[in-house]
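Read the structure below first, then the notes.
There are 2 protein chains.
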Amino acid sequence: MSGDSILRVFMGYDMKRAFAAIQTDVNAVLAPFGLRMLTFSVLSVIRDNPGLRQTQLAEILAIERPNLVLILDELEGLDLVTRTRARDDRRAYELKVTLKGRRLAERAFTAVTEHDDRMARGLSAEERAALHRALRQIQSNGRSSDDARQVSHP
Amino acid sequence: MSGDSILRVFMGYDMKRAFAAIQTDVNAVLAPFGLRMLTFSVLSVIRDNPGLRQTQLAEILAIERPNLVLILDELEGLDLVTRTRARDDRRAYELKVTLKGRRLAERAFTAVTEHDDRMARGLSAEERAALHRALRQIQSNGRSSDDARQVSHP
DNA sequence: CGATATAGTTACGAGATGTAATTAATATTC
DNA sequence: GAATATTAATTACATCTCGTAACTATATCG
């Protein structure tokens, strides 16, 4: 008995431990590419949504705009992403992935997919699908409280 | 379509989002008790394992011993936990929860349990059990790589 | 006894995340 | 159309979590 059985009844605890395992592992997988979980996510979303603005990207990834700035500085410094002034709104930048970035993202994506499969060993396809469903349900349970609060103070 | 569909195929991404939701929420639940997720976890494990040493506690929670020091300083300063020199090993401390700590932990535990149920709304008991199983499987998949590495360099 | 290991600590750094205030550009309003 | 407010990005700053290396004191082993 591992001593933390009192905490194992909580989804939050099991999830913290599982996520820590994944994050440590995926960061090790991404290190050879010069990426981490967060920069990989940013790169992937821009690649999938070329021309995205920083505010939209922050919204999609649920991070604050200021935190995005340094991440984009990093990716831009690595020549993986470009910031181009938007013609229709010269305050905003259009984000795009460079050719170099596209190539790197593709290889990293394969590596992360393999990693994800590795972390899912022992789970059937149905169990994996059920896990995704459960995780999204939890997210929406968390969001609904936020939304309720925001709606009540418009 | 939210723009992050490219990432939604990864357990790691869905889990990061779900865990962020839980952590934000549970910290709000614990704030009135003067606790956060981490201090609550430490307090709960000591309560469940009186006399525990710091090294053992760090091992159980999978955190580094140095990080535990400040957390225990905090809990000790709040009169929730005591460090007593072990008679058989004067380097070590025996950790115990004070009466005040026991009372607080009990109330906090109830609040966190309710919170966990709230975050699990929409999931059946079977789905919840399956979620725990999946999360533990993932943890053990992560750990097994570590173990393999350690065993290969004894 | 002397070498080595262990328990806790200190010092430090990196990464992720959040808030407040600033600047430049756009939108709104009178 | 000028004054005002809003928005995009940024800067500056603070906090939390987590990890490593080095130190002190005890303990153990040969």
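Read top to bottom, the protein sequences are chains A and B.
In terms of the working numbering, the first sequence opens at residue 512 and continues consecutively.
In terms of the working numbering, the second sequence opens at residue 512 and continues consecutively.
Virtual Cβ for every residue (Gly too), placed ideally from N, Cα, C.
Computed from a predicted structure; not experimentally measured.
Same chain, Cβ closer than 7 Å to leucine 615 of chain A, neighbours up to 5 away in sequence not counted: Here residue 615 of chain A corresponds to residue number 104 of the first sequence, with the count starting at 1. Here the set comprises Phe544, Leu591.
Of the choices A/Thr595, A/Lys527, A/Asp628, whose alpha-carbon is the least far from that of leucine 549 of chain B? Locating residue 549 of chain B in the second sequence gives position 38, where the first residue counts as 1. Here the closest residue by C-alpha is A/Lys527.
Pull up the distance between the alpha-carbon of arginine 547 of chain B and that of glycine 588 of chain A, whole angstroms please. As a first step, residue 547 of chain B must be located in the second sequence, where it is residue number 36. As a first step, residue 588 of chain A must be located in the first sequence, where it is residue number 77. Those two C-alpha atoms are separated by around 37 Å.
Can you check whether the C-beta of glycine 562 of chain B is within less than 8 Å of a C-beta belonging to chain A? Stepping through the second sequence from its first residue, residue 562 of chain B is reached at position 51. Glycine 562 of chain B does not count as touching chain A.
Short-range partners of chain A found in the segment 630-642 of chain B, where Cβ spacing is below 9 Å: Met630, Ala631, Arg632, Gly633, Leu634, Glu638, Arg639, Ala641, Leu642
Determine the DSSP secondary structure at threonine 550 of chain A, reduced to helix, strand or coil. Translated into positions along the first sequence, residue 550 of chain A becomes position 39. Note: threonine 550 of chain A maps to helix in three-state DSSP.
7 Å CB neighbourhood of aspartate 628 of chain A in its chain, flanking five on each side removed: Residue mapping note: residue 628 of chain A aligns to position 117 of the first sequence, counting from 1. Counting only Cβ-Cβ distances below 7 Å, and skipping sequence neighbours, we find nothing.
Local conformation of arginine 629 of chain B per DSSP, three classes: Locating residue 629 of chain B in the second sequence gives position 118, where the first residue counts as 1. Helix at arginine 629 of chain B.
Which residues, in order along the segment 571-604 of chain A, keep a beta-carbon less than 9 Å from a beta-carbon of chain B? Ile571, Leu572, Ala573
Helix or strand or just coil, what does DSSP make of valine 469 of chain A? This structure does not reach residue 469 of chain A, given that chain A is present from 512 up to 665, and the question cannot be answered.
Within its chain, find whatever has a CB closer than 6 Å to the CB of histidine 643 of chain B; leave out the 5 residues flanking it on each side and keep chain order. Counting from one through the second sequence, the residue named residue 643 of chain B turns up at place 132. Here the set comprises nothing.
Would you mind stating whether isoleucine 571 of chain B and glycine 514 of chain A have Cβ atoms separated by less than 8 Å? Counting from one through the second sequence, the residue named residue 571 of chain B turns up at place 60. Counting from one through the first sequence, the residue named residue 514 of chain A turns up at place 3. For isoleucine 571 of chain B and glycine 514 of chain A, yes; Cβs fall inside 8 Å.
Going by DSSP, name the residue or residues bridged to leucine 606 of chain A. Against the first sequence, residue 606 of chain A aligns to sequence position 95. Partner(s): A/Leu563, A/Arg594.
Buried or exposed: which applies to glycine 653 of chain A, given that a residue is buried once 16 or more other Cβ atoms fall within 10 Å of its Cβ? Looking up residue 653 of chain A in the first sequence gives position 142. Buried, by the Cβ-count rule.
Ends of the alpha helix (DSSP H) at alanine 529 of chain B? Locating residue 529 of chain B in the second sequence gives position 18, counting from the first residue. Segment 522-541, the alpha helix (DSSP H) holding alanine 529 of chain B.
Could you pull out every residue in the same chain whose Cβ sits closer than 8 Å to the Cβ of arginine 596 of chain A, ignoring the five residues on either side in sequence? As a position in the first sequence, residue 596 of chain A is number 85, starting the count at 1. Within the same chain, arginine 596 of chain A has close Cβ partners Ala603, Tyr604, Glu605.
Does arginine 654 of chain B come out as helix, strand or coil in the three-state DSSP assignment? Taking the second sequence and counting its residues from 1, one reaches residue 654 of chain B at position 143. It is helical.
What's the C-alpha gap between glutamate 617 of chain A and leucine 541 of chain A? In the first sequence, residue 617 of chain A corresponds to position 106, counting from 1. In the first sequence, residue 541 of chain A corresponds to position 30, counting from 1. If you take the alpha carbons of glutamate 617 of chain A and leucine 541 of chain A, they lie about 12 Å apart.
Local conformation of alanine 616 of chain B per DSSP, three classes: Taking the first residue of the second sequence as position 1, residue 616 of chain B is located at position 105. In the structure shown, alanine 616 of chain B sits in a helix (DSSP, three-state: H, G or I).
What does phenylalanine 521 of chain A touch in chain B if you count any residue whose Cβ is under 7 Å from its own? In the first sequence, the residue the question calls residue 521 of chain A occupies position 10. Within chain B, the residues near phenylalanine 521 of chain A are Val623, Asp627.
Option in B/Ser651, B/Glu638, B/His626 with minimal Cα separation from arginine 632 of chain A: Stepping through the first sequence from its first residue, residue 632 of chain A is reached at position 121. When only C-alpha atoms are compared, the closest one is B/Ser651.
Please check if any C-beta of chain B sits within less than 8 Å of the C-beta of valine 608 of chain A. On the first sequence, position 97 is the one that residue 608 of chain A refers to. No, no contact with chain B.
With a threshold of 8 Å between beta carbons, is alanine 569 of chain A in contact with chain B? For the purposes of this step, residue 569 of chain A is identified with residue 58 of the first sequence, where counting begins at 1. No, its Cβ sits nowhere closer than 8 Å to a Cβ of chain B.
Can you grab the Cα-Cα spacing for the pair proline 577 of chain B / isoleucine 649 of chain B, in whole Å? Counting from one through the second sequence, the residue named residue 577 of chain B turns up at place 66. Counting from one through the second sequence, the residue named residue 649 of chain B turns up at place 138. Each residue's Cα considered, the two are about 26 Å apart.
When Cβ atoms are compared, which residues of the segment 527-547 of chain B fall closer than 8 Å to chain A? Lys527, Arg528, Ala529, Phe530, Ala531, Ala532, Ile533, Gln534, Thr535, Asp536, Val537
Shortest alpha-carbon distance to proline 488 of chain B belongs to which of B/Asp584, B/Thr593, B/Glu575, B/Ala532? Outside the displayed span of chain B (512 to 665) sits residue 488 of chain B, for which this structure offers no information.
Cutoff 8 Å: leucine 554 of chain B Cβ touching any chain A Cβ: Translated into the one-based positions of the second sequence, residue 554 of chain B becomes position 43. Cβ-Cβ to chain A under 8 Å: no for leucine 554 of chain B.
Can you tell me whether arginine 558 of chain A is buried or exposed? The criterion is at least 16 other CB atoms within 10 Å of its CB, across all chains shown. On the first sequence, residue 558 of chain A is found 47 positions in, with the first residue counted as 1. So arginine 558 of chain A ends up on the buried side.
Who are the neighbours of glutamine 565 of chain A on chain B, taking C-beta pairs under 7 Å? Counted from its first residue, the first sequence places residue 565 of chain A at position 54. Chain B residues near glutamine 565 of chain A: none, gap ~13 Å exceeds 7 Å.
Report the neighbours of glycine 514 of chain B on chain A: residues whose CB is nearer than 9 Å to its CB, in chain order. Here the question's residue 514 of chain B lines up with position 3 in the second sequence. Going along chain A in sequence order, the residues near glycine 514 of chain B (Cβ under 9 Å) are Val556, Asp559, Asn560, Leu563, Gln567, Leu568, Glu570, Ile571, Leu572.
State yes or no: is the C-beta of leucine 568 of chain A within less than 8 Å of the C-beta of valine 553 of chain A? Start at 1 with the first residue of the first sequence, and residue 568 of chain A comes out as number 57. Start at 1 with the first residue of the first sequence, and residue 553 of chain A comes out as number 42. Against a cut-off of 8 Å, the Cβ pair of valine 553 of chain A and leucine 568 of chain A comes out as a contact.
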